[in-house]
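Student: Take this structure, written in structure tokens, and hold onto it; I'll ask about it next.
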Amino acid sequence: MVIYPICSSSKGNSIYVANENGAVLVDAGASFKYICKSLTLAGFLQSSIKAIFITHEHTDHVSGLYSVTKNLKVPVFSSKPTLKKLIVKNCIFAGTRLFEINVKTANIAGLRVSAFRVPHDSVDGLRYFITYGGRKISICTDVGCIDLNLQDKLKDSDFVFLESNYDEDMLKAGSYPAAIKRRILSKYGHLSNVEAASFINKLIEFGVKRFMLGHLSQNNNTPQLALKTVISYLAHSSKTYNKDYELDVAPVKNNGKFYEV
Ligand SMILES: [Zn+2]
Ligand SMILES: [Zn+2]
Numbered sequence: 250m251v252i253y254p255i256c257s258s259s260k261g262n263s264i265y266v267a268n269e270n271g272a273v274l275v276d277a278g279a280s281f282k283y284i285c286k287s288l289t290l291a292g293f294l295q296s297s298i299k300a301i302f303i304t305h306e307h308t309d310h311v312s313g314l315y316s317v318t319k320n321l322k323v324p325v326f327s328s329k330p331t332l333k334k335l336i337v338k339n340c341i342f343a344g345t346r347l348f349e350i351n352v353k354t355a356n357i358a359g360l361r362v363s364a365f366r367v368p369h370d371s372v373d374g375l376r377y378f379i380t381y382g383g384r385k386i387s388i389c390t391d392v393g394c395i396d397l398n399l400q401d402k403l404k405d406s407d408f409v410f411l412e413s414n415y416d417e418d419m420l421k422a423g424s425y426p427a428a429i430k431r432r433i434l435s436k437y438g439h440l441s442n443v444e445a446a447s448f449i450n451k452l453i454e455f456g457v458k459r460f461m462l463g464h465l466s467q468n469n470n471t472p473q474l475a476l477k478t479v480i481s482y483l484a485h486s487s488k489t490y491n492k493d494y495e496l497d498v499a500p501v502k503n504n505g506k507f508y509e510v
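Under our numbering, the residue at position 142 of the sequence shown is numbered 391, and the numbers go up by one with no gaps.
Given below as structure tokens:
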């Protein structure tokens, strides 16, 4: 499998996962034009995309969904309440085939896509892990807090794409209104760098080796700070960067770098 994070930040999210037979997009938080340009940079074809899986209805995950469904004419999978919400918000091109996934597993070109739930303030969000050829990629952003269920879903992954949204000091000292700060910090908001580090620490103990931090806030975080915070947290737990684990940060906009899993 390959994973190619097309874009990742609190402004726009879309991740391409493929095998030799086809691909799925997880979220469409960028225009069709941008997604195509980004795929070309990495040498992938837009025609490889066979389905779109939507995590939740927040704009940074669906802003390009209308243009993508209009052009690609592939089915969209999500929970029933999310699909309903997307129709009401006019985010999906008329005639697009819609499928509820919930607890079922979808098989797209041999990629087995399974859904799980996390605490986040959307109608009925799903996150996904994708398995193929004995390998497992988990994609987990927009998470208010880590619980045992989440640990259980991710602990046998070969690659975990995890939210590392904000630095707590930057958020608290920043210019966001108090209500927005409360929402981000809450159990239904987002994961901080330290929360991501603590979860990665647990997952390494279960044997997970490869991580990518994503969905960074452009106001309350930087890639360097997220990386430094996680690496130093793990060093305190005697885990060495590039020896006990691999870690990278997803770019806000990708320039062609993808990962084989
Ligand atoms: Zn988001
Ligand atoms: Zn969200």
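Every residue, glycine too, gets a C-beta built ideally from N, C-alpha and C.
The model shown is predicted, which means the values in this text are computed figures rather than measured ones.
1. Taking 7 Å as the line, does the beta carbon of I391 fall inside it for any heavy atom of ligand 2?
2. Looking at S259 and ligand 1, is the gap between the Cβ and the nearest heavy atom below 7 Å?
3. Check whether the Cβ atoms of C256 and A291 lie closer than 8 Å to each other.
4. Tell me, please, whether the region 357-370 touches the region 330-348 by the rule of three or more beta-carbon pairs shorter than 8 Å.
5. What residue from K286, F448, K329 and K404 has the CA that sits closest to L394's CA?
6. So, at 8 Å on beta carbons, what are the nonlocal neighbours of K421 in its own chain, with the 5 sequence-adjacent residues on each side left out?
7. Roughly how many whole angstroms lie between the Cα atoms of S371 and E509?
8. For E521, report the span of its beta strand (DSSP E) as first-last.
9. Kindly indicate the opening and closing residues of the alpha helix (DSSP H) around F281.
10. With distances taken between CB atoms, is the gap from P330 to M461 smaller than 8 Å?
11. What does the Cβ neighbour count give for L397, buried or exposed, with the cut at 16 atoms within 10 Å?
12. Can you round the beta-carbon distance between K360 and I379 to whole angstroms, since I take them to be within the 8 Å contact cut?
13. With a threshold of 16 other CB atoms inside 10 Å of the CB of T533, please say whether the residue is buried or exposed.
14. Would the beta-carbon of H485 be found less than 7 Å away from any heavy atom of ligand 2?
15. If we require 3 or more residues per run, which beta strand (DSSP E) segments fall completely within the region 391-417?
16. How is the beta strand (DSSP E) around I433 delimited, first residue to last?
Tutor: Looking at the coordinates:
1. The displayed chain sequence assigns Asp, not Ile, to residue 391. Checking every heavy atom of ligand 2 against the Cβ of D391, one is found closer than 7 Å.
2. True, at least one ligand heavy atom lies under 7 Å from that Cβ.
3. No, these two residues do not count as a Cβ contact at 8 Å.
4. no
5. Checking the displayed sequence, the identity of residue 394 turns out to be Cys instead of Leu. C394 has its Cα closest to that of F448, out of K286, F448, K329 and K404.
6. K430
7. 31 Å
8. Look at the range of the chain in this structure, 250 to 510, and you will see that residue 521 is not part of it.
9. F281 to A291
10. no
11. Looking at its Cβ environment, which holds fewer than 16 other Cβ atoms inside 10 Å, L397 is exposed.
12. Residue 360 is actually Leu in this sequence, not Lys. With a Cβ gap of about 5 Å, L360 and I379 count as contacting.
13. With the chain covering 250 to 510 only, the question about residue 533 has no answer from this structure.
14. no
15. 408-412
16. Run containing I433: none in the beta strand (DSSP E); it sits in the alpha helix (DSSP H), A427 to L434.
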